[in-house]
Each structure stands twice: as structure tokens, then as C-alpha cells.
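Only one structure is covered here, and it is reproduced in the block below.
In the numbering used here, the protein residues as written are 82 to 259.
Structure (C-alpha cells):
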């Protein structure tokens, strides 16, 4: 096994074997660190995977003067912070949606409620196909964003974008008299 300086040098030259060695050397350590930050194995796996992907994409910019180990650990931390902020904003949207639906249920009569359901279903049917599919998987079938991402073979960010867009469209479709 090569030392870190050699790995960085070879990685900058595009040596895929060096990248594989880097993954083999640091994957478990970074995963453990990511779990300690996030408390979630699935998130930790995503974080570490993203860090390795970004490291490979930006390999030519790596500075051999700096510790690759330090770079990787710092990257895991930064990725965790980014993911935390994304999830936090998505939770806000979800909480707003739940409060919104709760208010609708409290403020509407039975006939208004049935009308609202028809309007919502009609609005959902008008969503772009992928957006509708993601929304239905999330809200009607109860899948997590990660499960949807894996099922549809799209990024988690794409799933989040579709859900956010769907919420905005549904909110616009509600008439003011309800």
C-alpha cells in the first residue's frame, strides 16, 4: 500500500488504482466519523460516497503539501453540514405542508373537505410526470427521500426539488374561498 503523498500524486495523474487504494484506506474511518456526526448509517454512507466522488472530480486540484487525511475528514464534516442545512429546509417545507393540511381539516366542512380532496387530486394529476411520481411515492406511499432516490435512480436533491415544487403547485391550486 502506498503512502498518502504517493496516492495524491498518482491520483492527480488520473490513476484509478490510486483512487481505489484511497477508498480502501479511508472508507471505514470516514464512515465511522460520518456516523458519529449524523447518527444515521444511511446518511453517513451518502456523505462518504459524496466526499469520494467530489475528491475524484477535483483530484487535479489536490495539493500534495496538505494532508489528504485531513482533507477527507474536513470534507466529510462539510458535507454533513451541507446535508444538515438541506434537510432542515426540507423539514420546514414539510412541516408547513402538515400545518397547512391540518388547518384545512379544522376549517372546512365535510363538503368543503371533499371538494378540497378533489382539487388536490386534480392538482397532483397536473404535475409533471416525474414530479407527480416522486410526490405520490413520498406522500401517499410513505417512502423516504433516500428510498425514492434509489427506486427511481435519481439523486436525493432531485427528489427534494420535486417535492418542494409539488408543494408549491398544490398550495397555488387552493381557491381562496376554502
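C-beta atoms are modelled at their ideal positions from N, C-alpha and C, and glycine is treated no differently.
Following the DSSP letters along the chain, one finds residue 127 inside the alpha helix (DSSP H) bounded by residues 122-138.
For residue 225, no alpha helix (DSSP H) encloses it, and the DSSP letter there is neither H nor E. Remark: three or more beta-carbon pairs, one from each stretch, lie closer than 8 Å, so the segment 127-144 and the segment 102-118 are flagged as touching.
Residue 144: not part of any alpha helix (DSSP H); DSSP gives it neither H nor E.
Residues of the same chain with a CB within less than 8 Å of the CB of residue 242, apart from the 5 flanking positions on each side, do not exist.
Remark: C-beta atoms of residue 89 and residue 134 do not approach each other more closely than 8 Å. Here residue 206 is actually not in contact with residue 254; their C-beta atoms are around 11 Å apart, not less than 8 Å.
Rounded to whole angstroms, residue 219 and residue 231 show a C-alpha spacing of 13 Å. Around the beta carbon of residue 114, 16 or more other beta carbons lie within 10 angstroms, which makes this residue buried. Counting C-beta pairs with one atom in each stretch, the segment 89-98 and the segment 137-156 have three or more that are closer than 8 Å, which means they touch. Contact check for residue 161 and residue 119: beta-carbon distance about 6 Å, within the 8 Å limit, so the pair qualifies. Within the same chain, and ignoring the five residues on either side of residue 164 in sequence, the residues whose Cβ sits closer than 8 Å to its Cβ are 119, 124, 127 and 128.
Burial state of residue 147 is exposed, judged by a 10 Å Cβ sphere holding fewer than 16 other Cβ atoms.
According to the DSSP assignment, residue 93 belongs to the alpha helix (DSSP H) that extends over 85-93.
Residue 159 and residue 117 have their alpha carbons spaced roughly 14 Å apart. Residue 244 places its beta carbon 8 Å or farther from that of residue 217.
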